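Quick note on the working numbering: the sequence shown kicks off at 390 and runs consecutively. Glycine residues also receive a C-beta, built at the ideal position from the N, C-alpha and C atoms. Source: prediction; values computed, not measured.
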Amino acid sequence: MKRAVFNVASAVLLILAFTPGLAMAQGKKIVLGFSQVGAESEWRTANTQSIKDSAAKEGITLKFSDAQQKQENQIKAIRSFIAQKVDVIAFSPVVETGWEPVLREAKAAKIPVILTDRSVAAKDDSLWVTFIGSDFVEEGRRAANWLINYPPIKELAAKGDVNIVELQGTVGSAPAIDRKKGFEEILKGQPKFKIIRSQTGDFTRAKGKEVMEAFLKAEGKKINVLYAHNDDMAIGAIQAIEEAGLKPGKDIVIVSIDAVKGAFEAMIAGKLNCTVECSPLLGPQLMGLVKDVVAGKQIPKRIVTEEGVFPQDVAAKEFPNRKY
Ligand code: AHR
């Protein structure tokens, strides 16, 4: 009889050990392994802070790893999270492709994966539980829609071509691919709008400045518009434009993406014309999802962040409300 009771108890323990939500059921702290892209922009710094603060607030043990914008470092970090048997892995993939093998390893180890900020290009979507982040294609569309309706640019288009230079984000990254796609989709119906140069500035201020210098050298006063895939590259480019003796925001109209505080400061100074919002404050929602996943709850496969567009004329009023 005693033996039978013991066997039932061990069976229950065994079932519990393979049940999602064990950490919570046992009152243990959830362990989250998070692999961050790097620290390439003001946006990324705010994103990291949001994740760290929210994990601490929710009592989740965070194992944080900075990949310094290298995919190999992210893969190493994910493998180490698997070896440490964390409860959940979350990461923001630096580029879109090349993730299947490591994601299959996580799946084999029964560790759920959450994609945050950026998605991956993989056919088997059972390799991750959900993807939370912005709609980057829509951000590109919003930038283009703002541009074609901006009165000084409308005037210019009525007279002749509007020459655009584009600073792209990191090559192969979801935001670089999608922001280009969304922007071009809108411009397709606008024959006067021409992208005359397009190059990566790797989402950094330093590279944004360097590439803008090259654009100015090649095209000079022909440039009417700068479209930058993030604010940091636009801020770097503003410096290059000023050093070339031109007025950013006037001689060259600038639209970029993120809506970080630095962009609002540049708009208030009249040097940037519009920023399209991409919120990095994903921490609270991510921690909620981590808890739900561990509790075995059903969650949507895609969660899109809600965002706005901020032209220069609202910058001063909006600035005090900005959180990043
Ligand atoms: O993935 C989001 C993008 O990555 C942000 O727009 C950019 O600033 C960051 O580096």
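By Cβ distance, which residues of its chain are closer than 6 Å to residue i, with the 5 residues on each side in sequence left out?
i           : result
residue 596 : 590
residue 576 : 533 and 582
residue 611 : 552
residue 507 : 481, 482 and 563
residue 402 : In this predicted model, residue 402 has a pLDDT of only 44, less than 50, meaning its place in the structure is not dependable; the value taken from the coordinates is given anyway. Correct list: empty, nothing qualifies.
residue 690 : 519
Can you give the beta carbon distance from residue i to residue j, rounded, assuming they're within the 8 Å contact cut?
i           : j           : result
residue 598 : residue 629 : 5 Å
residue 704 : residue 656 : 4 Å
residue 449 : residue 418 : 7 Å
residue 421 : residue 456 : Not quite, the Cβ-Cβ distance comes to about 16 Å (not below 8 Å), so this is no contact.
residue 698 : residue 666 : 7 Å
residue 693 : residue 524 : 5 Å
residue 435 : residue 670 : 7 Å
residue 672 : residue 442 : 6 Å
residue 545 : residue 613 : 6 Å
residue 471 : residue 498 : 5 Å
residue 627 : residue 660 : 5 Å
residue 578 : residue 526 : Not really, about 16 Å apart at Cβ, beyond 8 Å.
residue 550 : residue 430 : Incorrect: roughly 31 Å between the Cβ atoms, too far for contact.
Among all the DSSP beta bridges, which residues are the ones paired with residue i?
i           : result
residue 647 : 666
residue 526 : According to DSSP, which records beta bridges pairwise, residue 526 is partnered with nothing at all.
residue 479 : 423 and 503
residue 454 : 424
residue 700 : 663
residue 692 : 521
residue 637 : 641
Near residue i, what residues of its chain come up, given a Cβ to Cβ distance below 8 Å and the 5 sequence neighbours on each side ignored?
i           : result
residue 625 : 590, 593, 594, 595, 596, 597, 598, 599 and 601
residue 607 : 586
residue 617 : 555, 556, 590, 597, 623, 626, 643, 644, 645 and 646
Among the residues of its own chain, which have a CB less than 7 Å from the CB of residue i, if the five just before and after it don't count?
i           : result
residue 678 : 503, 519, 521 and 688
residue 475 : 420, 421, 422, 452 and 500
residue 426 : 433, 456, 458, 481 and 483
residue 695 : none
residue 349 : In the structure as shown, the chain starts at 390 and stops at 713, and residue 349 therefore has no counterpart that could be examined.
residue 509 : 482, 485 and 488
Counting pairs of beta carbons, one from the segment 639 to 649 and one from the segment 444 to 463, are three or more of them closer than 8 Å? no
Evaluate contact between the segment 649 to 663 and the segment 475 to 482, counting only Cβ atoms and requiring at least three cross-stretch pairs below 8 Å. no
Within 8 Å, do at least three Cβ pairs link the segment 527 to 536 to the segment 503 to 517? no
Could you say if the segment 575 to 589 and the segment 544 to 558 meet the contact criterion of at least three C-beta pairs nearer than 8 Å? yes
Going along the chain, which unbroken runs of the beta strand (DSSP E) with 3 or more residues stay wholly within the segment 578 to 635? 582 to 589 and 614 to 617
Segments of 4+ residues assigned as alpha helix (DSSP H) that fall wholly inside the segment 527 to 559: 540 to 548
Check whether the segment 558 to 569 and the segment 480 to 499 touch, using three or more Cβ-Cβ pairs below 8 Å as the test. yes
At 4 residues or longer, what runs of the alpha helix (DSSP H) sit wholly inside the segment 429 to 473? 431 to 447 and 460 to 472
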